[in-house]
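Read in my numbering, the sequence shown has 302 at position 58, and its numbers run on one by one without any break.
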Amino acid sequence: MSLDNLADAFYDELRDVFSAEKQLVKALPSMVKHASSPELRKAFEKHLAETEKQVERVEQAFEETGKAARAKTCEAMKGLIEEAEEMLKQDAKPEVKDAVMIACAQKVEHYEIATYGTLCTWAEALGYTKALKLLKQNIAEEEATDLGLTKISKTVNQQALETADA
245 MSLDNLADAF
255 YDELRDVFSA
265 EKQLVKALPS
275 MVKHASSPEL
285 RKAFEKHLAE
295 TEKQVERVEQ
305 AFEETGKAAR
315 AKTCEAMKGL
325 IEEAEEMLKQ
335 DAKPEVKDAV
345 MIACAQKVEH
355 YEIATYGTLC
365 TWAEALGYTK
375 ALKLLKQNIA
385 EEEATDLGLT
395 KISKTVNQQA
405 LETADA
């Protein structure tokens, strides 16, 4: 695809985040399954439900581009998920694995926040008011998830520390 203008760049990036969110919908159930902390498990379950809605919002955001809602493989998300999957295979105490899963999840959230931030800026510049509203909902959820994970990490990290001391 040729990126001749900002509208082309917006469409291309929207295709990328569409793929990223779809990849997450497939990956999050594994995170839920591996979380030993009930609070972390609940956070992953909540984010899975949010991510499913985010996929729908991104799909709706395509309408203003006048082009089809088609994903393009998001290599960055693919790499972040592969890294998380490798970490889950590590022999680790449950508390330590939870701490590592939070780290992996926050890398994903930060990537998404950066992507949605760019898309919101571009949507505003292009006058895509509907897309902007939808994408702002997604970024707000990503930021809230990141803050929630930081809060959970305080307990999980303490538990991981205590495990090492035992």
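Note that beta-carbon positions come from the ideal geometry of N, C-alpha and C, so glycine has one too. Here the structure is a predicted model, which means the values were calculated and not measured.
Could you compute how far the alpha carbon of residue i sits from the alpha carbon of residue j?
i           : j           : result
residue 291 : residue 266 : 13 Å
residue 329 : residue 351 : 13 Å
residue 324 : residue 334 : 16 Å
residue 286 : residue 248 : 44 Å
residue 353 : residue 384 : 11 Å
Quick one, which of the options has its alpha-carbon nearest residue i's?
i           : options            : result
residue 278 : 369, 340, 293, 381 : 340
residue 331 : 306, 320, 346      : 346
residue 362 : 245, 248, 256      : 256
residue 403 : 321, 368, 343      : 343
residue 366 : 286, 250, 321      : 250
residue 439 : 364, 252, 376      : As displayed, the chain neither begins before 245 nor continues past 410, which places residue 439 out of reach and without an answer.
residue 322 : 289, 270, 338      : 270
residue 302 : 320, 389, 377      : 377
With the cut-off set at 9 Å, would you say residue i and residue j are in Cβ contact?
i           : j           : result
residue 359 : residue 299 : no
residue 272 : residue 400 : no
residue 309 : residue 372 : yes
residue 415 : residue 336 : No information on residue 415 is available, as it lies outside the stretch 245 to 410 that the chain covers here.
residue 379 : residue 305 : yes
residue 280 : residue 318 : no
Just checking: is the beta-carbon of residue i within a distance shorter than 9 Å of some beta-carbon in chain C?
i           : result
residue 357 : Protein chains in the displayed structure number just one, and chain C is not present.
List, from N- to C-terminal side, the alpha helix (DSSP H) runs of 4 residues or more that fit wholly inside the stretch 304 to 373. List check, alpha helix (DSSP H) in window: 319 to 332, 338 to 370.
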